[in-house]
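Quick note, the sequences are listed as chains C and D, same order. Here the first sequence is numbered in the numbering used here, starting from 152 and rising by one per residue. Here the second sequence is numbered in the numbering used here, starting from 152 and rising by one per residue.
There are 2 protein chains.
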Amino acid sequence: MRALILNQSAGLGSAERVALRDDYPMPNPRRGESLVRVRLAGICGTDLEMTRGYMGFNGIPGHEFVGEVVSTTTSALAGRRVVGEINAACGDCDFCRANMGRHCPKRSVLGILGRDGAFAEYLCLPDRNLIPVPDAVADEAAVFTEPLAAAFEIFEQTTIEPGEQVAILGDGRLGAIVALAMKARGLSPIVGGHHEDKMKRLAGAGIAAQPEDRLRTGFDVVVDCTGSAKGLARALELVRPRGKLILKTTVAGSAGVNLAPIVINEIQVLGSRCGRFRPALDALRSGAIDPRPLISGIYPLEEGLPALARASEKSKFKILLKAS
Amino acid sequence: MRALILNQSAGLGSAERVALRDDYPMPNPRRGESLVRVRLAGICGTDLEMTRGYMGFNGIPGHEFVGEVVSTTTSALAGRRVVGEINAACGDCDFCRANMGRHCPKRSVLGILGRDGAFAEYLCLPDRNLIPVPDAVADEAAVFTEPLAAAFEIFEQTTIEPGEQVAILGDGRLGAIVALAMKARGLSPIVGGHHEDKMKRLAGAGIAAQPEDRLRTGFDVVVDCTGSAKGLARALELVRPRGKLILKTTVAGSAGVNLAPIVINEIQVLGSRCGRFRPALDALRSGAIDPRPLISGIYPLEEGLPALARASEKSKFKILLKAS
């Protein structure tokens, strides 16, 4: 089948690490897994980070997708249009038994860890990871289920009261999606950005945005979606004492950020990663969230390499790959 | 009066920054403040940090004390033995009105920020900061009220269930006091240390301790009392996914600690600083906590400089200064 392949062997440059192949072997569903034909896949910041060495993953990247089940032993899934939770847990360890499969130490993660991903014509996932997509949700919206679920994860971890002042740092893909989730929950976040064109576009999607350096300190909640140590430092400036700082993006090094304000101001820092798909799908079905204005382009899979390059451009929001 | 004076003028070495003076002017209580004769004062890691430049404070350091009120307009305080909350808040701002005076942006802090402290014969504090000490609590125990209050602050910020596995990193003064507070709340923390003699001494105070490198990962709660970036990195290794990491000590630089595990493992990081005195005094009065085994020495104020040097030694717990 056709697929984008990431090869992190030593000595390869960033551009050489990803290749398009037409002869990659079809994935082979294990017991309890279904074979899914990918319809659309989304390119995420994590995918781009991986082309720069993050996670040391070799194989097919991609973890945001909507597809259709073409082979399964679970009749309820046969032929269905589905999205899929990306963490394939063992189901049997302490974490899994505590309903924390997304932290199962034996898990594989679609397109990130030990499992080929969605930048391909086909993928496999355990049946229990697959969730049928309601007819009312178009492919172009359903493909946002995974990042939206990650945004809704915030509300599984903490409570944000109506009226609390929320700032979101980062005017990129994730910042925008977190803003949409917050708005769907009745909050009025403001995105602090660096790119005039992006902030204009956010405004078009109904999201308030202004240059990050104009934000005034004292926010009850600051969500860091910048993926940079600078963002973390700025978030620590903006959050009020006893406020919450939610980290949605990983910072591999902390680059000497002064963390003393966390203690002095008694900040609660919450790391937040993947979430349940159900609340995200519900919000897409009800129309509470329509992420489609965030699509910057749809490329066929065979143009995957230029698509990845586009997704790296500062001015671009979500780039999708159409596999078939 | 006699006092230790910290002078952070540029060009002075660490040893030159602190001096003993016998002719320092007596403090002058402002409206609503009392004059307190210091009986005992404790040397804390923050005091030692300040002699190395932290906070840029000039004046009399020291914020842990027990004393007696010698001049006041509040009759209930006259002649009483007292301890004192160290944050002197404005009483009028949004934080003060929200009962968060310890975060008042206009506050002074005894011996740390804009207010002379306790390494002296006398100090001043607002009457509302002073709390009479029950007769049953000896000076040598009462002087621990401030650090104990900081330890109890953890329970104002979060809930730790009985049976949860708690590790405390750092076998120093603060780690020991946090361990005592945890035990008083029915928890069974284990201190991870680096100093055999200190760990032995902790065992003598009924606190379980073992070498930090022998701790196994998977703790529900890890409290970092090391005051070092290494401690933070180690705490991130030891805490389980979705666990809590409580920062009790400030790390001025993060020295390149990889913070990605906070997001990947969805850790809740809680900065925790000062606390209410009442729960601490209650625990001292009831005998639930007796911190006196942690005293490594009591020095007269005129030996304040050698006392500070002793407090800096790795093998020492709490060093007290007896002002009069």
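Backbone N, C-alpha and C define an ideal beta-carbon position, used for all residues, glycine too.
Inset, instruction - Could you pull out every residue in the same chain whose Cβ sits closer than 6 Å to the Cβ of Leu261/D, ignoring the five residues on either side in sequence? - result: Cβ within range, chain order: His214, Ile237 and Gly268.
Legend entry - Distance between beta carbons of Gly343/C and Leu320/C, contact taken as under 8 Å: 5 Å
Inset, instruction - Compute the distance between the beta-carbons of Arg182/D and Ala271/D, then report whether it is under 8 Å. - result: no
Inset, instruction - Tell me, please, which residues DSSP counts as bridged to Glu200/D. - result: Glu200/D is not bridged to any residue.
Inset, instruction - Taking 8 Å as the cut-off, decide whether the C-beta atoms of Lys395/D and Thr309/D are in contact. - result: yes
Inset, instruction - Count the other C-beta atoms from every protein chain shown that fall within 10 angstroms of the C-beta of Glu291/C, then say buried if there are 16 or more, exposed otherwise. - result: buried
Legend entry - Start-to-end residues for the alpha helix (DSSP H) that takes in Ile413/D: From DSSP, the alpha helix (DSSP H) with Ile413/D extends over Ala411 to Ile415.
Legend entry - Interface residues of chain C facing Asn238/D [CB-CB closer than 9 Å]: Per Cβ cutoff of 9 Å: no residues; Asn238/D is ~11 Å from chain C at best.
Inset, instruction - State buried or exposed for Glu464/C, treating a residue as buried only when at least 16 other CB atoms are found within 10 Å of its CB. - result: exposed
Inset, instruction - Using 10 angstroms around the beta-carbon of Pro362/D, count the other beta-carbons present and answer buried if the total reaches 16, otherwise exposed. - result: Burial is judged here by how many other beta carbons sit within 10 angstroms of a residue's own beta carbon; Pro362/D has fewer than 16 and is exposed.
Legend entry - Exposed unless 16 or more other CB atoms sit within 10 angstroms - verdict on Glu304/D: Glu304/D is buried by the Cβ-count criterion.
Inset, instruction - Report yes or no: do the stretch 227-237 of chain D and the stretch 424-435 of chain D share at least 3 C-beta pairs separated by less than 8 Å? - result: yes
Legend entry - Residue burial classification, Gly196/D (beta-carbon count within 10 angstroms, cutoff 16): buried
Legend entry - Span separating the alpha-carbon of Ala289/C from that of Gly230/C: 16 Å
Legend entry - Residues that Ala192/C bridges to, as DSSP identifies them: Phe216/C and Leu472/C
Legend entry - is_contact[Met251/C, chain D] using C-beta, thresh 8 Å: yes
Legend entry - Residue-level contact to chain C via CB, Phe428/D, 8 Å cutoff: Any Cβ of chain C closer than 8 Å to the Cβ of Phe428/D would place that residue at the interface, and such an atom is absent.
Legend entry - Given Leu199/D as reference, the closest of Arg172/D, Leu191/D, Gln159/D and Thr225/D once Cα atoms are compared: Gln159/D
Legend entry - Nearest to Gly143/C (by Cα), restricted to the options Pro176/C, Val189/C, Gly204/C and Thr401/C: Shown here, chain C extends from 152 to 475; a query on residue 143/C therefore has no answer.
Inset, instruction - Can you say whether Ser185/C is buried or exposed, counting buried as having 16 or more other CB atoms within 10 angstroms of its CB? - result: buried
Inset, instruction - Would you mind telling me which residues of chain C sit closer than 8 Å to Pro313/D, beta carbon to beta carbon, in chain order? - result: Within chain C, no C-beta atom comes less than 8 Å from the C-beta of Pro313/D; the nearest is roughly 18 Å away.
Legend entry - Whole-angstrom C-beta distance between Gly210/D and Val189/D, which should lie under 8 Å: That pair is no contact at about 15 Å.
Legend entry - Cβ neighbour criterion (16 or more within 10 Å) applied to Gly382/D: buried
Inset, instruction - Show which residues of chain D have a CB atom less than 7 Å away from the CB atom of Leu421/C. - result: Gln419
Legend entry - Chain-order list of residues whose beta-carbon lies under 8 Å from that of Val317/C (same chain, five-residue window excluded): Ile311, Met333, Leu338, Ser339, Pro340, Ile341, Phe370, Asp371, Val372, Val373 and Val374
Inset, instruction - Use the C-beta contact count for Val220/C: other C-beta atoms within 10 angstroms, 16 or more gives buried, fewer gives exposed. - result: buried
Legend entry - Segment limits, beta strand (DSSP E) that includes Gly255/C: The sequence given here places Cys at residue 255/C; Gly does not occur at that position. First-last for Cys255/C: undefined, no H or E at that position.
Legend entry - Beta carbon proximity, Gln308/D to chain C, threshold 8 Å: yes
Inset, instruction - Assign Ser437/C to one of two classes, buried (16 or more other C-beta atoms within 10 Å of its C-beta) or exposed (fewer than that). - result: exposed
Inset, instruction - Determine which residues of the stretch 343-354 of chain D have a Cβ less than 8 Å from any Cβ of chain C, and write them out in chain order. - result: none
Inset, instruction - May I ask which residues mark the beginning and end of the beta strand (DSSP E) holding Ile319/C? - result: Counting along the chain, the beta strand (DSSP E) containing Ile319/C begins and ends at Val317 to Leu320.
Legend entry - Beta-carbon proximity of Ile418/C to Gly448/C, cut-off 8 Å: no
Legend entry - Residues of its chain near Pro256/C, where Cβ-Cβ distance is below 8 Å and the 5 sequence neighbours each way are ignored: Cys244 and Phe246
Legend entry - Buried or exposed (CB count within 10 angstroms, at least 16 for buried), Pro176/C: exposed
Legend entry - Three-state secondary structure (DSSP) of Ala249/D: Residue state, collapsed to three classes: coil.
Legend entry - Identity of the residues DSSP links to Gln361/D by a beta bridge: Gly343/D
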